[in-house]
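S.K.: Numbering (the numbering used here), first residue to last: 22 to 69.
#1: Could you compute how far the alpha carbon of residue 56 sits from the alpha carbon of residue 23?
#2: To the nearest angstrom, how far is the alpha carbon of residue 64 from that of residue 58?
#3: Let's see if you can read the secondary structure: which residues bound the alpha helix (DSSP H) around residue 27?
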């Protein structure tokens, strides 16, 4: 549910019927997975 919400709100929304409509500002930015750094992995072995 959360991934679907982020996907829906991270697209540019514009009215296809208006020929010169400017796209609205995106509300969210979908980012990929974030990998832990070496310090975090050494401090927390479950961070993988």
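Virtual Cβ for every residue (Gly too), placed ideally from N, Cα, C.
Model, not experiment: these values are computed from the prediction.
M.R.: So, from the listed chains and residues:
#1: In the chain shown, counting from the first residue as 1, residue 56 sits at position 35. In the chain shown, counting from the first residue as 1, residue 23 sits at position 2. Cα to Cα, residue 56 sits roughly 19 Å from residue 23.
#2: Here residue 64 refers to the residue found at position 43 when the chain shown is read from its first residue. Here residue 58 refers to the residue found at position 37 when the chain shown is read from its first residue. Taking the straight line from one Cα to the other gives about 10 Å.
#3: Within the chain shown, residue 27 is the residue found at index 6, counting from 1. Note, residue 27: alpha helix (DSSP H), 23-30.
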